[in-house]
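First to last, the sequence lines map onto chains Z and R. 694 is the number that the numbering used here gives to position 325 of the first sequence; each next residue is one higher, with no gaps. 591 is the number that the numbering used here gives to position 222 of the second sequence; each next residue is one higher, with no gaps. Below is one structure, written out as structure tokens, with a few remarks after it.
Number of protein chains: 2
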Amino acid sequence: MTEQPLPVGPADIDAAARVIAPFAIRTPLLSSPVLDERVGAKVFLKPEMLQRTGSFKFRGAFNKVSSIPRDKRSGGVVAFSSGNHAQGVAAAAKILDMQATIVMPSDAPLSKRERTKAYGAEVVLYDRDREDREAIARGIAEKRGATLVKPYDDPFVIAGQGTAGREIAEDLAALGLAPDIVVAPASGGGLIAGVATAVKARYPRAELIVAEPDAFDDHRRSLRSGHREPHAPAGRTICDALMALMPGEITFAINSRLLSRGVTTSDAEVGAAVAFAYRELKLVVEPGGAVGLAALLAGRLNAAGKTIVIVLSGGNVDADLFAELVA
Amino acid sequence: MTEQPLPVGPADIDAAARVIAPFAIRTPLLSSPVLDERVGAKVFLKPEMLQRTGSFKFRGAFNKVSSIPRDKRSGGVVAFSSGNHAQGVAAAAKILDMQATIVMPSDAPLSKRERTKAYGAEVVLYDRDREDREAIARGIAEKRGATLVKPYDDPFVIAGQGTAGREIAEDLAALGLAPDIVVAPASGGGLIAGVATAVKARYPRAELIVAEPDAFDDHRRSLRSGHREPHAPAGRTICDALMALMPGEITFAINSRLLSRGVTTSDAEVGAAVAFAYRELKLVVEPGGAVGLAALLAGRLNAAGKTIVIVLSGGNVDADLFAELVA
Numbered sequence: 370m371t372e373q374p375l376p377v378g379p380a381d382i383d384a385a386a387r388v389i390a391p392f393a394i395r396t397p398l399l400s401s402p403v404l405d406e407r408v409g410a411k412v413f414l415k416p417e418m419l420q421r422t423g424s425f426k427f428r429g430a431f432n433k434v435s436s437i438p439r440d441k442r443s444g445g446v447v448a449f450s451s452g453n454h455a456q457g458v459a460a461a462a463k464i465l466d467m468q469a470t471i472v473m474p475s476d477a478p479l480s481k482r483e484r485t486k487a488y489g490a491e492v493v494l495y496d497r498d499r500e501d502r503e504a505i506a507r508g509i510a511e512k513r514g515a516t517l518v519k520p521y522d523d524p525f526v527i528a529g530q531g532t533a534g535r536e537i538a539e540d541l542a543a544l545g546l547a548p549d550i551v552v553a554p555a556s557g558g559g560l561i562a563g564v565a566t567a568v569k570a571r572y573p574r575a576e577l578i579v580a581e582p583d584a585f586d587d588h589r590r591s592l593r594s595g596h597r598e599p600h601a602p603a604g605r606t607i608c609d610a611l612m613a614l615m616p617g618e619i620t621f622a623i624n625s626r627l628l629s630r631g632v633t634t635s636d637a638e639v640g641a642a643v644a645f646a647y648r649e650l651k652l653v654v655e656p657g658g659a660v661g662l663a664a665l666l667a668g669r670l671n672a673a674g675k676t677i678v679i680v681l682s683g684g685n686v687d688a689d690l691f692a693e694l695v696a
Numbered sequence: 370m371t372e373q374p375l376p377v378g379p380a381d382i383d384a385a386a387r388v389i390a391p392f393a394i395r396t397p398l399l400s401s402p403v404l405d406e407r408v409g410a411k412v413f414l415k416p417e418m419l420q421r422t423g424s425f426k427f428r429g430a431f432n433k434v435s436s437i438p439r440d441k442r443s444g445g446v447v448a449f450s451s452g453n454h455a456q457g458v459a460a461a462a463k464i465l466d467m468q469a470t471i472v473m474p475s476d477a478p479l480s481k482r483e484r485t486k487a488y489g490a491e492v493v494l495y496d497r498d499r500e501d502r503e504a505i506a507r508g509i510a511e512k513r514g515a516t517l518v519k520p521y522d523d524p525f526v527i528a529g530q531g532t533a534g535r536e537i538a539e540d541l542a543a544l545g546l547a548p549d550i551v552v553a554p555a556s557g558g559g560l561i562a563g564v565a566t567a568v569k570a571r572y573p574r575a576e577l578i579v580a581e582p583d584a585f586d587d588h589r590r591s592l593r594s595g596h597r598e599p600h601a602p603a604g605r606t607i608c609d610a611l612m613a614l615m616p617g618e619i620t621f622a623i624n625s626r627l628l629s630r631g632v633t634t635s636d637a638e639v640g641a642a643v644a645f646a647y648r649e650l651k652l653v654v655e656p657g658g659a660v661g662l663a664a665l666l667a668g669r670l671n672a673a674g675k676t677i678v679i680v681l682s683g684g685n686v687d688a689d690l691f692a693e694l695v696a
């Protein structure tokens with residue numbers, strides 16, 4: 370019995386890499402002797418806070434928005450997002466001279482709302498507990514003839530995020546190294562799906578691990594059961610970027626095949642990781658971007674003696690929260 | 370009439386690059402679309418906060434400490450420093466299994482004192498206003514048979530710092546670009562002397578500019594007069610790393626030949642640059658490391674339309690000051 374082909378393959382990521390190259394930052398692969406010594410491993414960090422808009426989201430957003438046929442571009446784009454996808458879509462639309470409308474929760478970090486507006490997008494706020502962001506976005510899309518740019522459950526978006534994994538694989542190959550473990554956070558799972566696709570294409574034996582906040586462990590649950598499962602209700606986390614209810618359909622089709630397992634971290638561990646990144650790495654990581662590093666520092670990855678890559682997925686964090694975490 | 374050869378040449382920097390390669394981080398060259406758009410130039414950042422110990426100082430310190438003959442290593446090393454050179458020397462000595470004693474001002478940032486101790490060095494505090502740090506360090510060196518590792522006025526130290534410039538030149542060449550302007554901060558002038566030597570070797574037409582705090586403008590004064598001159602007395606600045614009284618003798622022999630001019634920035638401009646780096650670059654820059662960026666953002670570099678490199682020299686800043694600056 371042969372396996373079904375996955376909805377996104379390495380060739381899609383190669384194509385995405387060509388599309389985004391003129392506008393995206395090719396982020397470096399960083400290392401830190403202090404971190405290596407602390408965890409007893411050879412650690413590489415993929416610092417996506419250095420990406421355009423301050424998170425990996427620009428990659429997928431630009432690849433998707435670029436795929437919209439020219440005769441449909443006048444209607445603009447619409448997206449729902451807690452903040453990083455919002456900025457990615459807004460920046461992509463601006464480059465391609467399109468209108469963007471972003472539906473954001475009213476409790477999204479102020480800096481994410483402000484930065485989204487700064488890219489020229491119209492921001493529509495909704496109540497996270499009482500309104501359906503997808504319905505609002507679809508309503509706007511219909512009324513304006515706009516194209517909906519989903520945050521993760523879209524092959525173009527996943528392929529775009531996968532360019533981060535492609536760069537990881539390229540840079541490790543240039544160093545003559547193979548990764549034992551690659552870790553990335555997940556909300557809907559687009560980043561880790563793309564990264565896993567690219568990394569596994571070159572390094573089939575690499576172990577791909579998804580990192581989540583304790584209370585938002587839907588990927589871990591779903592990987593265990595083999596079915597898409599929501600996280601438990603009413604959880605809270607400082608990881609505002611990682612609050613999707615359950616894995617995406619397309620992303621889970623990929624992740625259930627390519628990922629090994631999930632790990633989770635407490636808010637306290639995430640805060641410690643943000644502070645470590647400030648103090649020792651000199652990088653600004655947002656809470657949601659630090660869950661993989663948090664899992665590593667908390668000893669949850671069996672990293673000793675291994676070559677391990679941690680994706681730091683973004684750095685858009687309000688200054689007051691950041692100050693509190695690094696104090 | 371032919372010019373005298375300078376005390377440090379490109380071959381010394383090539384040699385230093387080989388010496389430090391196994392232990393130093395080869396920092397990337399970063400760019401930011403937001404920054405480019407804001408200043409209307411193609412800007413590259415050399416993020417030396419990503420260097421081992423959080424500043425460029427490890428480069429020169431390791432090159433110098435490595436040059437100590439084996440039969441003199443048992444006496445250890447001694448250095449005087451406000452904090453970044455301290456960490457560089459302490460880390461270099463630890464790698465080479467040598468004792469390090471560091472003479473630091475009692476008002477040095479807490480994080481710099483703590484980090485220096487964390488590398489295993491003994492820290493001796495002195496009063497910046499009433500004691501002579503060089504005399505204290507020399508006393509310790511004589512008593513213990515230790516080798517004094519000067520912070521800037523040493524050809525090995527300058528050659529080590531120059532490896533940052535060598536990497537800038539290599540990375541720009543790989544992109545097919547030539548820099549119009551390269552900016553670095555100066556306290557005693559070792560970093561800019563090394564960077565200028567390496568950059569001018571490949572790009573003789575590049576304009577090298579030294580950046581300083583308003584009240585510590587000894588390089589600018591000295592470049593204007595052609596003689597080493599101290600800054601005005603009793604100045605204050607948040608740039609704790611840039612408070613040397615006047616340019617070094619060896620560094621000025623190089624800088625007076627290779628630099629075009631000096632620019633200065635106010636503490637308010639430096640604070641704004643630290644905040645910009647937090648918000649848009651997602652990098653932790655200490656005040657002294659941000660003077661070049663501050664000069665760029667304040668419009669003091671005639672950058673429009675040019676290809677410009679800014680060295681961000683370090684990121685060791687106490688969390689409370691950082692929080693205040695980015696608020």
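For every residue, glycine included, the Cβ atom is placed at its ideal position computed from N, Cα and C. It should be emphasised that the depicted structure is a prediction, and the values quoted were computed from it without experimental measurement.
If I measure Cβ to Cβ from residue i and keep anything under 6 Å in the same chain, skipping five residues before and after, which residues do I get?
{"i": "residue 388 (chain Z)", "result": "432, 435"}
{"i": "residue 527 (chain Z)", "result": "377, 559, 562, 563"}
{"i": "residue 647 (chain Z)", "result": "695"}
{"i": "residue 676 (chain R)", "result": "411, 546, 548, 549"}
{"i": "residue 505 (chain R)", "result": "472, 495"}
{"i": "residue 600 (chain R)", "result": "585, 586, 587"}
{"i": "residue 551 (chain Z)", "result": "568, 575, 577, 678"}
Name the chain R residues that come within less than 9 Å of residue i, Cβ to Cβ?
{"i": "residue 421 (chain Z)", "result": "401, 402, 403"}
Can you name the start and end residues of the beta strand (DSSP E) that residue i belongs to?
{"i": "residue 379 (chain R)", "result": "Counting along the chain, residue 379 (chain R) falls outside any beta strand (DSSP E), though it belongs to the alpha helix (DSSP H) covering 379-389."}
{"i": "residue 630 (chain Z)", "result": "630-634"}
{"i": "residue 532 (chain Z)", "result": "Taken as a continuous stretch (DSSP letters only), residue 532 (chain Z) belongs to no beta strand (DSSP E), being part of the alpha helix (DSSP H) at 524-543."}
{"i": "residue 493 (chain Z)", "result": "491-495"}
According to DSSP, simplified to helix, strand and coil, what is residue i?
{"i": "residue 471 (chain R)", "result": "strand"}
{"i": "residue 425 (chain R)", "result": "coil"}
{"i": "residue 601 (chain Z)", "result": "coil"}
{"i": "residue 676 (chain R)", "result": "strand"}
{"i": "residue 585 (chain Z)", "result": "helix"}
{"i": "residue 620 (chain Z)", "result": "helix"}
{"i": "residue 566 (chain Z)", "result": "helix"}
{"i": "residue 573 (chain R)", "result": "coil"}
{"i": "residue 548 (chain Z)", "result": "coil"}
{"i": "residue 558 (chain Z)", "result": "coil"}
{"i": "residue 399 (chain Z)", "result": "strand"}
{"i": "residue 413 (chain Z)", "result": "strand"}
{"i": "residue 461 (chain Z)", "result": "helix"}
{"i": "residue 579 (chain R)", "result": "strand"}
{"i": "residue 661 (chain Z)", "result": "helix"}
{"i": "residue 640 (chain Z)", "result": "helix"}
{"i": "residue 455 (chain R)", "result": "helix"}
{"i": "residue 646 (chain R)", "result": "helix"}
List the residues of chain Z that residue i touches, going by C-beta distances under 9 Å, in chain order.
{"i": "residue 394 (chain R)", "result": "399, 400, 401, 402"}
{"i": "residue 688 (chain R)", "result": "644, 647, 648, 692, 695, 696"}
Please list the terminal residues of the continuous alpha helix (DSSP H) segment that includes residue i.
{"i": "residue 406 (chain Z)", "result": "402-408"}
{"i": "residue 479 (chain R)", "result": "479-487"}
{"i": "residue 447 (chain R)", "result": "No alpha helix (DSSP H) holds residue 447 (chain R); the beta strand (DSSP E) holding it covers 446-449."}
{"i": "residue 509 (chain R)", "result": "502-513"}
Excluding the 5 residues preceding and the 5 following residue i in the sequence, name in chain order all residues of the same chain whose CB lies nearer than 7 Å to its CB.
{"i": "residue 633 (chain R)", "result": "581, 582, 583, 586, 589"}
{"i": "residue 570 (chain Z)", "result": "379"}
{"i": "residue 492 (chain Z)", "result": "471, 473, 482, 485, 486"}
{"i": "residue 422 (chain R)", "result": "456, 457, 460"}
{"i": "residue 463 (chain Z)", "result": "488, 489"}
{"i": "residue 557 (chain Z)", "result": "520, 521, 522, 613, 616, 617, 620"}
Of all Cβ atoms in chain A, is any one closer than 8 Å to the Cβ of residue i?
{"i": "residue 652 (chain Z)", "result": "This model lacks chain A altogether; the protein chains it does include are Z and R."}
List, in order along the chain, the chain R residues whose C-beta lies closer than 8 Å to that of residue i?
{"i": "residue 418 (chain Z)", "result": "651"}
Near residue i, what residues of its chain come up, given a Cβ to Cβ distance below 8 Å and the 5 sequence neighbours on each side ignored?
{"i": "residue 618 (chain R)", "result": "522, 597"}
{"i": "residue 509 (chain Z)", "result": "447, 470, 472, 493, 515"}
Can you pull the chain Z residues whose beta carbon is under 7 Å from the beta carbon of residue i, in chain order?
{"i": "residue 684 (chain R)", "result": "651"}
So, under 8 Å CB-CB, residue i and residue j are touching, yes? Tell me the CB distance rounded to an integer number of Å.
{"i": "residue 657 (chain R)", "j": "residue 635 (chain R)", "result": "The Cβ separation is near 14 Å, so there is no contact."}
{"i": "residue 687 (chain R)", "j": "residue 554 (chain R)", "result": "18 Å between Cβ atoms; not a contact."}
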